[in-house]
Structures are given as structure tokens and as C-alpha cells.
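> Structure in C-alpha cells, see below.
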Amino acid sequence: MSPATPTSAERTSAPNALAIQVFRHPQGCRGYLIGDPRSKEALALDVHADLVQEFASAVQSGGWKLRFVVDSHTHADHPSGSRELARLTSATRVAHELSQHQGVALHPADGEALPLGATRVLVRHAPGHTPDHLLLLAGGALFCGDTLLIGGVARTDFLGGDAGQLHDSLQRLLAELPDETIVYPGHDYAGRERSTIGAERTSNPWLRLPRAEFVRALAANPPPRPANMDSLLAMNRAGVELAPQLSAAEAVRHVAAGGAGSVLDVRTGAEVSSQRVPGSRWIPLDELAARLDEVRVVPAPRLLLCQSGNRAAMAQRLLSQHHLSGVQVIAGGIQAYAAAGGGLERSAGGAISLERQVRIAAGSLVLLGVLFGAFVNPLFLGVAGFVGAGLIFAGMTDWCGMGLLLAKAPWNRRGPSGGPCGGAAACAAGAPSACAASAPSACSAGAPSACAAGAPPEDSPRASR
């Protein structure tokens, strides 16, 4: 097995040689390509929209016929790529009937099977995290979505979740499955790939709580509601595409609701040091292509920010070329954001904006060209003409070569010191996301989590470890 990169697909196998590829996203999400080696028929489970091309490439390179694309439940922490992958591969989309996802052709009932050649993938309904949650069982492996996590369980405080139902679903798994069953979770924030029912039975504190204590513990101090949830639900349920731009007023509301971590600032370090959106992330435009894994950590919808919107639009085009989804430009940039009432952190002595630097540099070159043309050599007038033509070109194409050169100047390279704006990696994949009740240390530190709850309170009764 090759070493994993944050978005790599790893090949592994279940006890009966069922072929499994694990797709790992920096946000902690897990997706799976599950195939029958003899028939070469496969299904894809919980496809993150950022990884659609990786799934499609794996299907093609492995010679698979993709029969099904399955969403284990309605995702509230990331955009689903099931619609796009099904379109690319002519596969059938699968989800529970309660999901109400548009375009889903197959809604299996509890106990039905999805055929992959001679392999039968058993579908089980497991309400709790959401009412529409499905589990898949095949070849001695359990693909449990967000119901059971390694050392944890799902949160149940939104989307119609029910802690009592989650407890019942988990206890049913423990009663029905042997200890050697391999557990493949829908999320893991510590880089782990799999566990077993036996390991979870003995080490997962949530599985040892009586029903009443389980419900009480899950209800205690739930993590914050994800600020991007409404947009993601619209994308995942109805297939609503994000508009290319988000108004500054909407961006202010998004940040006020706790979504500052979705703001990706692509200005120069000097500009960001001068003023920035508190809690935003910073990757300069000219470093974006080399730091795509850090961009993937940013939760969608990803809101691109620059001074006026031009560089953010360039960043949007670049990210689209690399198949990163859920990207919007904050219209008007940080100027419009501030005018709409958005709060900024400001520091004295920061560099002036790149746009102003371009105007100063262009004006200086034109003036020098005219002066040298008048008093030294008429050929210097060509400098003024060249700069003027460049400005016209920049206005027509939104591409400014002078601005890109100035962005590389030493005074523009110095970034902010400390804080989450120092780079996307500062809030990287280890932090719990939107679905889990695991990672006690992260949750006790107050890290937001959209799928997981924290560890059970210390006063909850549990078996000795």
C-alpha cells in the first residue's frame, strides 16, 4: 500500500477479497470505491465534490463498471459529488427515500441488496445522525457513514437527528455483527483508516453507555451549527449550483454566523497584515496552485476575498481548473465587505493595497517615459505607450501582469504573524468537522464540529477501560 496523501486513494481488501479504495479528503471525510474483482462492477460511496475526478480516474484506470453512486445520508459538512460522478459514468444514484435528493433513481429499503456481479452489498437503514442514514455491508466490511466513527459516534442535533435512534442503530450493529467485521467510517480526523467492531466494542466509550445516558451525553454542549449548512443542503438536496459571486452583505452575514473559516484571502501578505477578516485563511494568489491541499481544508462554500474582486476571480478560475468545487467570489472584495458592515482587524504601518501600488507604478512609468522622451530621447515615449496599452489590456481581460509582478516584491511577501489567517494549514484536517462525536481533545478545546459530538461527559456511567 502506498503512503497516503491527503486526497489519495488507497487500495485495500476485505476478507473475501472485495476490492476497496479509500479516498481521503483533508477535511477528514472518507469516500470509498467498492468493487467485485471478478465482474469488475463497483459502487462509489460518499463522493466528496472535490474528489470527483479522482474517483472517475480510479474507475477508468481500474477497468471498473460503476453501477451505483451512493450517498450514505444528507451531508451537512461538504458538497456531495454523487450527481457529477453519476453523470460522468452513467451510474445509478442511490440514497434513502427520506433524503429527498433530486435525481436519485434508487431508494433501497432496509435489508435490500445492491448487486455487484456475484457480490451482494446489503443496505441497512440506520437512523440517528440523520433520518435518512444508510449503512452498507459487504465482504466482512461495514461502511458506516457517520453513524459509527473510530472511537466516537455521530452528532444528532440537526437535520432531524435523534440520539435515541442512533443508540438503537449502534446497538443493533453490535448485536448482529461479529467482532472481526472491518469498520470503514465516513470521517476520521486523526488519519486513521479503519477499525473493527471488536475494537469499537471494547474501546469506544459511547457504545458502553445505557440509552438514557447516551441521549443525555449527546445533548450536552453540542458543537456549533455549521455556518455553511444551508448552502450545502441546497447543493446536496436540490442540486442548486452556487452563484459565482456572493454579495458583500451576504458574506458579512456568513461570517457573523461563524463562517470566517470559509473565507480564503488571496491578497499579498502585506495587504493581509494591514487589514483582514478575523478568522479568515490566507493563501496568496501566486501560491494557490502549489497549496491546493490547504484549499481543500477550507469548508465549502469557499469564499474568495481580495481587495476589489479581480484577483479573487482569477483564483476562482484557477481552482475550477483543478476541480475544486463550492467556490464563490466576495463581490467588491474587502472594500465592499467593510462598507457592508463587516468587521476587520487592522494594524498600523501595513503596505498599501496592490491596486494602489499598480496605479502608482504605472503613473510613475508613464511620467518618466514622457520626461525622458522630452528631454533625453523620443524613444522613451514608447514606455508610456506600453504602460498605457498594458492598462487597457488589464481592464479588458482582468489580468494585470504588473500587479502579479508587484505581488512578488519583498515588501508584499511578508504575511501576518500568528492567528488562523497565517495559512489554511493552521486549521487543518485534524480538527473535527461537521459530523462526529469523537476526538475528545479537539472538542474539549472548543473546535467546531459538524458531524461529531465530543467525548461523553466524565460523569457518564461507562465500563472500565
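Residue numbers for the sequence shown follow our numbering, beginning at 19 and rising by one. Ideal placement from N, C-alpha and C gives every residue a C-beta, glycine not left out.
1. For P428, which of helix, strand or coil comes out of DSSP?
2. Going by DSSP, which residues form a beta bridge with I200?
3. At which residues does the beta strand (DSSP E) containing L348 begin and terminate?
4. Alpha carbons only, please: which of A104, S221, V88, L69 is nearest the one belonging to V315?
5. Specify, as a first and last residue, the run of the beta strand (DSSP E) that F232 falls within.
6. Considering only DSSP beta bridges, list what T110 is partnered with.
7. Below 8 Å on the Cβ atoms is my guess for G135 versus R56; work out the distance and round it to an integer in Å.
8. Reducing DSSP to helix, strand and coil, say where Q334 ends up.
9. Quick check on this structure: which residue in R190, P203, S79, L177 has the alpha carbon closest to the alpha carbon of V40?
10. Helix, strand or coil: how does DSSP classify L121 here?
11. Candidates G351, V65, H272: which alpha carbon is nearest R243's?
12. Just to confirm my understanding: we take L177, look at its own chain, exclude 5 residues before and 5 after, and list those with CB closer than 7 Å. What are they?
13. Could you tell me which residues DSSP puts in a beta bridge with Y50?
14. Just to confirm my understanding: we take V87, look at its own chain, exclude 5 residues before and 5 after, and list those with CB closer than 6 Å. What are they?
15. So, are the CB atoms of L422 and V401 less than 8 Å apart?
16. Can you give the Cα-Cα distance for I38 and V290, rounded to whole angstroms?
17. Sort L191, I352, R42, F390 by Cα distance to S492 and report the nearest one.
18. Using alpha carbons as the reference points, say which of G327, K58, S98 lies closest to E259.
19. Please report how far the alpha carbon of P317 lies from the alpha carbon of Q45, in whole angstroms.
20. Touch check for the segment 230-241 and the segment 174-191: three-plus C-beta pairs under 8 Å?
21. Measure the beta-carbon distance from V284 to Y355 and round it to whole angstroms, keeping in mind my assumption that it falls under 8 Å.
22. Could you tell me the alpha carbon to alpha carbon distance between C47 and F411, rounded to whole angstroms?
23. Smallest Cα separation from G406: which of A379, A256, D304, A392?
24. Can you look up A172 in the DSSP assignment and give me helix, strand or coil?
25. Please report the distance separating the alpha-carbon of A308 from that of L336.
26. Kindly list the residues whose CB is nearer than 8 Å to the CB of G436, restricted to its own chain and excluding five residues on each side of it in sequence; keep chain order.
27. Tell me whether the beta-carbon of A131 lies closer than 8 Å to the beta-carbon of V122.
28. DSSP has E363 in a bridge; who is on the other side?
The short version:
1. Reduced to three states, the DSSP call for P428 is helix.
2. Beta bridge pairing from DSSP links I200 with A159, T214.
3. According to the sequence displayed, residue 348 carries Ile and not Leu. 345-348 is the span of the beta strand (DSSP E), which, as asked, contains I348.
4. Comparing Cα-Cα distances from V315 to each of A104, S221, V88, L69, the minimum goes to L69.
5. No beta strand (DSSP E) holds F232; the alpha helix (DSSP H) holding it covers 229-237.
6. T110 pairs with F86.
7. The Cβ separation is near 6 Å, so the contact holds.
8. Shown here, Q334 sits in a helix according to DSSP, grouped into three states.
9. The shortest Cα separation from V40 among R190, P203, S79, L177 belongs to P203.
10. The identity of residue 121 in the sequence shown is Gly, whereas the question assumes Leu. Correct three-state label for G121: coil.
11. For the set G351, V65, H272, the Cα lying nearest the Cα of R243 is the one of H272.
12. If we look at L177 and ignore the five residues flanking it on each side, its Cβ neighbours are T92, A94, T148.
13. Y50 pairs with V40, L63.
14. These residues qualify, in order along the chain: A62, S100, L103, A104, A109, R111.
15. In this structure, V401 does not lie closer than 8 Å to L422 by Cβ.
16. As the crow flies, the alpha-carbon of I38 is around 44 Å from that of V290.
17. Nothing can be reported for residue 492: it is not among the residues displayed for the chain, which extend from 19 to 483.
18. Closest by alpha carbon: S98.
19. The alpha-carbon atoms of P317 and Q45 are separated by roughly 8 Å.
20. A contact exists between the segment 230-241 and the segment 174-191.
21. So it is not a contact: roughly 14 Å between Cβ atoms.
22. So the two alpha carbons sit approximately 43 Å from each other.
23. Relative to G406, the option among A379, A256, D304, A392 whose CA is nearest is A379.
24. Reduced to three states, the DSSP call for A172 is strand.
25. A308 and L336 have their C-alpha atoms roughly 11 Å apart.
26. The pLDDT assigned to G436 is 43, lower than 50, so where the model puts this residue is not dependable, and the model offers no usable value.
27. V122 sits away from A131, with the two beta carbons spaced by 8 Å or more.
28. DSSP output for E363 lists R294 as bridge partner(s).
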